[in-house]
Amino acid sequence: MNTTGKNQKVVPEAKKALNQFKYEVANEVGVKVPDGGYWGNMTSKECGTVGGYMVKKMVEAYERNLAGKQ
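This is the structure we're talking about:
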């Protein structure tokens, strides 16, 4: 369990793909990401919307994967 308080990736090789996924989701939900990709000036609501939708899509993909294997 990660107790250091840092958001570390379980699979570091996925960092680039997850970052791209974050921008795709932001675009889908209509959140405008500032030029340069700095998210620090965005509201908690905007970031939460993007993060929540990312999780929803990842769970959906995992469930589809499970259904296809059975």
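full-length UniProt numbering applies: residue 1 is where the sequence shown begins, and numbers increase by one. In this text, a Cβ means the ideal position worked out from N, Cα and C, and glycines have one as well.
Could you tell me the alpha carbon to alpha carbon distance between residue i and residue j, rounded to whole angstroms?
i	j	result
lysine 22	asparagine 65	21 angstroms
asparagine 19	glycine 68	27 angstroms
tyrosine 53	glycine 30	12 angstroms
valine 33	glycine 51	13 angstroms
valine 9	methionine 58	It should be noted that the sequence gives lysine, not valine, for residue 9. Taking the straight line from one Cα to the other gives about 15 angstroms.
alanine 14	glutamate 24	15 angstroms
Ordered along the chain, which non-local residues of its own chain (more than five positions away) have a Cβ less than 7 angstroms from that of residue i?
i	result
cysteine 47	Trp39
valine 55	none
threonine 49	Val29, Val31
Using a Cβ-Cβ cut-off of 6 angstroms (strictly less than) and excluding sequence neighbours within five positions of residue i, which residues of its own chain qualify?
i	result
glutamate 63	none
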